[in-house]
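Below is one structure, written out as structure tokens, with a few remarks after it.
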Amino acid sequence: MDHHLLFILNDAPYGNERAYNGLRLAGAMTAKDGVRVRVFLMADAVGCAKAGQKVPEGYYNVQLMLGKVLRKGEVALCGTCMDARGLSTSDMVSGAQRSTLAQLADWTAEADQVLVF
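One point on numbering: in numbering that gives the first Met the number 0, the residue at position 71 of the sequence shown is 70, and numbering is uninterrupted.
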């Protein structure tokens with residue numbers, strides 16, 4: 000039986016390390032057998048899924064970290080939060096899905112553990 004983990008990220012991809020640390024842990028958990036990982040991006044965290052990120056050499060790239068999660072897990076974004084920031088589905092990395100609070104509620108109910116960053 001799979002262990003279901005839900006990560007909820009709220010903070011911007013850069014400026015502090017909350018999103019970075021949440022995605023580090025989510026990525027590491029995707030490597031564990033029998034673990035299902037879902038990431039829901041809310042508020043400024045929707046920027047984590049913005050395609051085309053270019054960061055200084057040697058600096059972490061949240062887009063690449065999210066890609067690691069997407070290889071084995073699921074990533075959803077709050078549609079209302081996207082709209083408030085002028086982001087459309089075409090702005091996002093492939094595999095990240097526009098979503099709703101209702102889906103977050105479903106994912107929360109299905110999760111064995113919820114981690115909030």
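All residues carry an ideal CB built from backbone N, CA and C; glycine is no exception.
Item	Value
Backbone CA spacing between glutamate 109 and leucine 65 [nearest angstrom]	22 Å
Sequence-distant residues of the same chain with beta carbon closer than 6 Å to alanine 25, five excluded per side	Phe6, Val36, Val38, Val68
Cα-Cα separation, glycine 57 to asparagine 20	17 Å
Residues of its chain near asparagine 60, where Cβ-Cβ distance is below 7 Å and the 5 sequence neighbours each way are ignored	Gln52, Val54
Beta-carbon spacing of threonine 99, glycine 72 below 7 Å	no
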